[in-house]
Amino acid sequence: MDRIDQLRVFIRVAQSGGFTSAAEQLGLPRPTVSLAIQQLEARLGTRLFSRTTRRVGLTQDGESLLERAIALVADAEELEQQFRPRVLHGRLRVDMPSRIARRLVAPALPRFFARHPGIELELGSSDRALDLVHEGIDCALRVGELPASSLVARPLGPMRLINCASPAYLARHGRPSSMADLGGHLAVKYASPSSGRVAPWQWCADGQVHTLALGGPVAVNNAETYIACCLAGLGLIQIPAFDVREHLLAGELVEVLAEWPPPAMPVSVVYPHRRQLPRRVRAFSDWLAEVLAPALA
12 MDRIDQLRVF
22 IRVAQSGGFT
32 SAAEQLGLPR
42 PTVSLAIQQL
52 EARLGTRLFS
62 RTTRRVGLTQ
72 DGESLLERAI
82 ALVADAEELE
92 QQFRPRVLHG
102 RLRVDMPSRI
112 ARRLVAPALP
122 RFFARHPGIE
132 LELGSSDRAL
142 DLVHEGIDCA
152 LRVGELPASS
162 LVARPLGPMR
172 LINCASPAYL
182 ARHGRPSSMA
192 DLGGHLAVKY
202 ASPSSGRVAP
212 WQWCADGQVH
222 TLALGGPVAV
232 NNAETYIACC
242 LAGLGLIQIP
252 AFDVREHLLA
262 GELVEVLAEW
272 PPPAMPVSVV
282 YPHRRQLPRR
292 VRAFSDWLAE
302 VLAPALA
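Residue numbers (our numbering): 12 to 308.
What follows is the structure, given as structure tokens:
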């Protein structure tokens, strides 16, 4: 096993948290994985893992090596790709919000694989921000303002949001015709899965974004539950238009206050900083921009 392969094994053990799970994912015997780590530690002259009966964790030196090893292996794979036929090959790990993955991306994946049959995609769908480097994720789709970080961001465009409610809710509380009417209304509150912060009610008017704290009986941190609570008549919500299109067409939800829409949310692809972006990541980002274009304003 050469040095690059040893680093691949090291990365997988670090990300999976165990030698057995890493061996299963790599399709290697467990003794081969253990030997690769022993040889790597001997060559570097340091221990990379602290082993317990339950889990394998990185030492301080292991933590220092992980990020550089991921970048080095990515560079090596990209270098190999430059001298291979133009057909892209290899594994690509991606993360994105669950509703976008389920409703927009997964149905379109056959088109991606028809274009790039040599790519093996690992698609994670979560609603929390992950550490791309330590999780070994090649790129991620993010919705909303991005925090300051070392990640590189590719903006895809703004996602249009709308205000909506269920007919049952409007029958009980009346249909608001202006922002002044909101004082007598309830909202389903949405709390960020990562920060726990509850998003206020926002709308655009006169070129400015206005904010109001609306009361409501329930706060959720999942988009599926957010929509379900609105369907149950628990309050108004602000949601990407693509996410409730079928409910609007079926009459299960009604758009309200269309003249005062929420501010659009920026959508970006983010990936760890590298000297050269792997062609697999670039190809997926380009395809993702095509798929999401109809949902972006």
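The C-beta atom is built at its ideal place from N, Cα and C for all residues, glycine as well.
Report the partner residues of residue i according to the DSSP bridge assignment.
i	result
residue 276	170
residue 220	215
residue 251	172
residue 132	103
residue 60	69
residue 319	A question about residue 319 goes unanswered here, because the residues of the chain that appear run from 12 up to 308.
residue 314	A query on residue 314 cannot be resolved here, the shown segment of the chain reaching from 12 to 308 and no further.
residue 186	Answer is none; residue 186 lacks a bridge partner.
residue 83	In DSSP, residue 83 forms no bridge with anything.
residue 282	163
What residue range is occupied by the uninterrupted beta strand (DSSP E) comprising residue i?
i	result
residue 106	101-107
residue 24	Unbroken run through residue 24 is the alpha helix (DSSP H), 14-27; no beta strand (DSSP E).
residue 44	Segment 41-55 is the alpha helix (DSSP H) holding residue 44; no beta strand (DSSP E) there.
residue 302	No beta strand (DSSP E) contains residue 302, which is instead part of the alpha helix (DSSP H) from 290-303.
residue 265	265-267
Apply the 10 Å Cβ neighbour rule to residue i and answer buried if 16 or more other Cβ atoms are within range, or exposed otherwise.
i	result
residue 90	exposed
residue 297	exposed
residue 196	buried
residue 110	buried
residue 194	exposed
residue 249	buried
residue 17	buried
residue 255	buried
residue 54	exposed
residue 305	exposed
residue 98	exposed
residue 158	exposed
residue 60	buried
residue 177	buried
residue 268	buried
residue 66	exposed
residue 208	exposed
residue 223	exposed
residue 85	buried
residue 260	exposed
residue 44	buried
residue 280	buried
residue 25	buried
residue 42	exposed
Roughly how far, in whole angstroms, is the beta-carbon of residue i from the beta-carbon of residue j, given that I think they are within contact range, below 8 Å?
i	j	result
residue 37	residue 23	6 Å
residue 303	residue 69	Their Cβ separation, rounded to whole angstroms, is 35 Å, which puts residue 303 and residue 69 out of contact at 8 Å.
residue 152	residue 307	So it is not a contact: roughly 12 Å between Cβ atoms.
residue 21	residue 51	6 Å
residue 40	residue 34	6 Å
residue 101	residue 130	7 Å
residue 282	residue 150	4 Å
residue 155	residue 251	Not a contact, Cβ separation roughly 11 Å.
residue 199	residue 227	6 Å
residue 202	residue 231	7 Å
Taking the alpha helix (DSSP H) that residue i falls in, what are its first and last residues?
i	result
residue 239	234-242
residue 151	Premise fails: residue 151 lies in the beta strand (DSSP E), 150-154, not in any alpha helix (DSSP H).
residue 229	Looking at the DSSP string, residue 229 is not in any alpha helix (DSSP H), and its letter there is neither H nor E.
residue 114	Here residue 114 belongs to no alpha helix (DSSP H), and DSSP marks it neither H nor E.
residue 256	256-260
residue 146	143-146
residue 122	120-126
residue 32	30-37
Any 3 or more C-beta pairs closer than 8 Å across the segment 171-191 and the segment 135-148: no
Meets three-Cβ-pair contact criterion under 8 Å: the segment 156-164 and the segment 174-192: no
Any 3 or more C-beta pairs closer than 8 Å across the segment 71-90 and the segment 235-245: no
Contact between the segment 288-304 and the segment 210-226 (3+ Cβ pairs under 8 Å): no
Any 3 or more C-beta pairs closer than 8 Å across the segment 99-110 and the segment 128-138: yes
contact_flag[the segment 215-232, the segment 272-282] where n(CB pairs < 8 Å) is 3 or more: yes
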